[in-house]
Each structure stands twice: as structure tokens, then as C-alpha cells.
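Before any comments, here is the structure.
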Amino acid sequence: MAFGPIYILILGFTIVIDYFAYAPEYIELQKMIGNRDSLVSVYKKFALKYKVPFMDYSSDSICLNTGNFYNSMHMNATGVHNFNKKLVNDLKSIIN
């Protein structure tokens, strides 16, 4: 799980972005979590309640590639790099 806010300094102004993200997890792990849909539903409701964007990366292509994971729950450096690129791109679309 990743939470904002992120503080960005642009031309002397500070922009604050609040966000809520469900980070990628290996697809095989997802199959073993019986209440996973209920958990994601709670996160979505939380985001709606507090009016912050919810970005769900649990079905992202990163989840399909074992090369992105140290183990079923934790990304390795490659996975973190790939996820950060996507997250930054998505956060840019929120502030534009």
C-alpha cells in the first residue's frame, strides 16, 4: 500500500498531491488471499470517503512477471523501478 501526500516544488510553489495506491503483488499470491476483493473494496471506499485518487496496480502487468519480485509479496529493485515509473506517470496525469 502506498499513501500520499507527495510534495512537489515547481517554480517556487509547493503542490500537494494526496493519493492512495494498491501496489503490485505477484499474481500467484493474489490467488491465495481469500478476502482480497473485500480488502480492495475497503480501500476504494476509503479513497471515495476522503476524496483522494485510488490507483489499483494489483492487476498491472508487473504482477505477472516473477522478474519483478523478490518474493510473492515484495518487489525487487527491477519491480520497484518499473512500478515507480508507472506511479510517477499516473501522478503526473492527476496534477495536469
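Take 7 as the starting number for the sequence shown in the working numbering and just add one per residue. Glycine included, C-beta positions come from ideal geometry on N, C-alpha and C.
To which residues of the same chain is residue i closer than 7 Å at the C-beta, ignoring the five residues directly before and after it?
i: PHE60; result: PHE26, TYR49, LYS50, ALA53
i: TYR76; result: ASN82
i: ARG42; result: GLN36
I'd like the span of the alpha helix (DSSP H) that includes residue i, first residue to last.
i: TYR49; result: 42-55
i: PRO89; result: Residue 89 is actually Phe in this sequence, not Pro. Run containing PHE89: 83-101, per the alpha helix (DSSP H) assignment.
i: MET38; result: 33-38
Straight-line CA distance for residue i to residue j?
i: SER67; j: VAL58; result: 24 Å
i: ASN95; j: SER78; result: 25 Å
i: VAL86; j: ASN74; result: 8 Å
i: SER64; j: ILE101; result: 23 Å
Within its chain, find whatever has a CB closer than 8 Å to the CB of residue i; leave out the 5 residues flanking it on each side and keep chain order.
i: LEU70; result: ILE33
For my contact list, residue i and residue j are in at a C-beta cut-off of 8 Å; report their separation, rounded to the angstrom.
i: VAL46; j: ASP62; result: 7 Å
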